[in-house]
Amino acid sequence: MSTEIKRRIFLKRSLAAGTVGIAAAAGLLAPQRVLAAWNKEAFEAKELPAALNALLGSSDVAESADITVKAPDIAENGAVVPVTVDTGMEGVESISIIASNNPVPLVANFVMGTGASGFVSTRIKMGKTGDVVGIVKAGGKLHSAKKEVKVTIGGCGG
Amino acid sequence: MAKSIKIRAKEKGGVTTVKALMTHPMETGARKDSKTGKKIPAHFIQEVVCKHKGNTVMTAEWSGGVSKNPYISFKFSGGAKGDEIELSWSDNKGGSDSMKSAIK
Chain X
1 MSTEIKRRIF
11 LKRSLAAGTV
21 GIAAAAGLLA
31 PQRVLAAWNK
41 EAFEAKELPA
51 ALNALLGSSD
61 VAESADITVK
71 APDIAENGAV
81 VPVTVDTGME
91 GVESISIIAS
101 NNPVPLVANF
111 VMGTGASGFV
121 STRIKMGKTG
131 DVVGIVKAGG
141 KLHSAKKEVK
151 VTIGGCGG
Chain B
1 MAKSIKIRAK
11 EKGGVTTVKA
21 LMTHPMETGA
31 RKDSKTGKKI
41 PAHFIQEVVC
51 KHKGNTVMTA
61 EWSGGVSKNP
71 YISFKFSGGA
81 KGDEIELSWS
91 DNKGGSDSMK
101 SAIK
């Protein structure tokens, strides 16, 4: 499962960034840098649709009532905002957590392997008040739910 | 960098809940040092992988937007008491760590 995903991302990225692929082939870059599964393009995108396209291959998201995003109404400290995304959907492939008003909106992406259920919980940083969006990829489609969190002290920059 | 991870995995009714805490500064690269005014270089975990008996049950990819000393929790089915699970992370500076634990 894991190697399959890594291989796919690697192929996609080397095709998208042809020069990187050529540089790697010529031995100019250390191979482990190129092979890392981490999706640089998605995690450095400043706009949400661009990040989603790079990460999930689509930015076409439908809101769903089957997803619960749990986060505090008011976060006193934006550096630590607990977020839980829970869904009863079958065949969850991945869950992404997005803080829409952050400088880099895509915070985390969890790829679910065999047997994993649609539940993740983590703590994120939020620069200012905004929606926390949970995007669930199930059956090849994207579903989302959001929750507004008011931030009194920002957690990004300083 | 030893012991930067704490894991707790508990099986109940066929579903295993995994909770893990990692020790990491999680610098975004956008923060400035208040004394020198220089940017603090980015240093954050990019990938977290959790395996159960060699099968990957969850892979997380993170940006610097995850809080310092990250906490993570997720669930999977198919685990049994006593099974070994392994969690590992790697960061953007090439650092990494891993930890094994048994499901309780």
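As given, the protein sequences belong to chains X and B, one line each in that order. Read in order, the letters of the first sequence are residues 1 to 158 in the UniProt record's numbering. Read in order, the letters of the second sequence are residues 1 to 104 in the UniProt record's numbering. Cβ atoms here follow ideal geometry from the backbone N, Cα and C, with glycine treated the same way. The structure displayed is predicted, hence computed values, not measured ones.
Worksheet item: To which residues of the same chain is residue 132 of chain B closer than 6 Å at the C-beta, ignoring the five residues directly before and after it?
Response: With chain B covering only 1 through 104, there is no way to say anything about residue 132 of chain B.
Worksheet item: From isoleucine 124 of chain X to phenylalanine 76 of chain B, what does the alpha carbon distance come to, in whole angstroms?
Response: To locate residue 124 of chain X, count along the first sequence from 1; it is residue 124. To locate residue 76 of chain B, count along the second sequence from 1; it is residue 76. Isoleucine 124 of chain X and phenylalanine 76 of chain B: Cα-Cα distance of roughly 22 Å.
Practice prompt. Within the UniProt domain "Sulphur oxidation protein SoxZ" (7-99) of chain B, note down every full beta strand (DSSP E) run reaching 3 residues or more, in order along the chain.
Written response: Every unbroken stretch of the beta strand (DSSP E) spanning 3 or more residues and falling wholly within the UniProt domain "Sulphur oxidation protein SoxZ" (7-99) of chain B is given here in chain order: 15-22, 45-52, 55-62, 71-77 and 84-91.
Worksheet item: Going straight from the alpha carbon of glutamate 76 of chain X to that of serine 34 of chain B, what length do you get?
Response: Counted from its first residue, the first sequence places residue 76 of chain X at position 76. Counted from its first residue, the second sequence places residue 34 of chain B at position 34. Approximately 22 Å between the Cα atoms of the pair.
Worksheet entry | Residue-level contact to chain X via CB, glycine 78 of chain B, 8 Å cutoff | Here residue 78 of chain B corresponds to residue number 78 of the second sequence, with the count starting at 1. Chain X, which has a Cβ nearer than 8 Å to the Cβ of glycine 78 of chain B, makes this yes.
Item to complete: Locate the beta strand (DSSP E) running through lysine 137 of chain X, then write down its first and last residues.
Response: Locating residue 137 of chain X in the first sequence gives position 137, counting from the first residue. Per DSSP, lysine 137 of chain X belongs to the beta strand (DSSP E) from 130-138.
Discussion item. By the 7 Å beta-carbon criterion, what residues does the region 91-115 of chain X contribute toward chain B?
Written reply: Listed in sequence order: Ala99, Asn102, Pro103, Val104, Leu106, Val107, Ala108, Asn109, Phe110, Val111, Met112, Gly113, Thr114 and Gly115.
Discussion item. Only counting the same chain, and skipping five residues up and downstream in sequence, which positions put a Cβ closer than 7 Å to that of valine 107 of chain X?
Written reply: To locate residue 107 of chain X, count along the first sequence from 1; it is residue 107. The residues are Ile97, Ile98, Ala99 and Ile124.
Worksheet item: Run through DSSP, which three-state label would alanine 42 of chain X get?
Response: In the first sequence, counting from the first residue as 1, residue 42 of chain X sits at position 42. If DSSP states are grouped into helix, strand and coil, alanine 42 of chain X belongs with the helices.
Worksheet item: Taking just the CA atoms, how far does glycine 130 of chain X sit from glycine 82 of chain B?
Response: Here residue 82 of chain B refers to the residue found at position 82 of the second sequence. Here residue 130 of chain X refers to the residue found at position 130 of the first sequence. Taking the straight line joining both Cα atoms gives about 42 Å.
Practice prompt. Would you mind working out which of X:Pro82, X:Ala71, X:Trp38 and X:Val69 sits nearest leucine 56 of chain X, comparing C-alpha positions?
Written response: In the first sequence, residue 56 of chain X corresponds to position 56, counting from 1. Shortest Cα-Cα distance from leucine 56 of chain X to any of X:Pro82, X:Ala71, X:Trp38 and X:Val69 involves X:Trp38.
Practice prompt. Return the CA-CA distance between serine 94 of chain X and threonine 16 of chain B, expressed in angstroms with no decimal places.
Written response: Taking the first sequence and counting its residues from 1, one reaches residue 94 of chain X at position 94. Taking the second sequence and counting its residues from 1, one reaches residue 16 of chain B at position 16. Approximately 18 Å, taken between the alpha carbons.
Worksheet item: Can you tell me the Cα-Cα spacing of lysine 53 of chain B and glutamate 84 of chain B, whole angstroms?
Response: For this step, residue 53 of chain B is matched to residue 53 along the second sequence. For this step, residue 84 of chain B is matched to residue 84 along the second sequence. Approximately 6 Å, taken between the alpha carbons.
Item to complete: Please check if any C-beta of chain B sits within less than 8 Å of the C-beta of serine 121 of chain X.
Response: As a working note, residue 121 of chain X is residue 121 in the first sequence. With 8 Å as the cut-off, serine 121 of chain X counts as an interface residue toward chain B.
Worksheet item: What does a CB cutoff of less than 6 Å around threonine 68 of chain X pick up in its chain, not counting 5 residues either side in sequence?
Response: Locating residue 68 of chain X in the first sequence gives position 68, where the first residue counts as 1. The beta carbon of threonine 68 of chain X sits closer than 6 Å to those of Asp86, all from its chain and outside the five residues before and after it, given in chain order.
Discussion item. Tell me which residue opens and which closes the beta strand (DSSP E) that proline 82 of chain X is part of.
Written reply: Position 82 of the first sequence, counting from 1, holds the residue named residue 82 of chain X. Note, proline 82 of chain X: beta strand (DSSP E), 81-87.
Practice prompt. Below 9 Å between beta carbons is the criterion; list the residues of the region 9-30 of chain B that meet it against any residue of chain X, in chain order.
Written response: Answer in chain order: Val15, Thr16, Thr17, Lys19, Met26, Thr28 and Ala30.
Item to complete: Grab me the residues of alanine 71 of chain X's own chain with a C-beta within less than 8 Å of its C-beta, minus the 5 sequence neighbours each way, in chain order.
Response: In the first sequence, the residue the question calls residue 71 of chain X occupies position 71. Val81, Pro82, Val83, Thr84, Val132, Lys147 and Val149.
Item to complete: Counting only runs of 3+ residues fully inside the region 54-125 of chain X, write out the beta strand (DSSP E) ranges in chain order.
Response: Within the region 54-125 of chain X, the complete beta strand (DSSP E) runs of at least 3 residues are 61-63, 67-70, 81-87, 92-99, 106-112 and 116-124.
Fill in: Backbone CA spacing between valine 61 of chain X and methionine 99 of chain B [nearest angstrom]
As a first step, residue 61 of chain X must be located in the first sequence, where it is residue number 61. As a first step, residue 99 of chain B must be located in the second sequence, where it is residue number 99. When rounded, the separation of the alpha-carbon atoms in valine 61 of chain X and methionine 99 of chain B is 36 Å.
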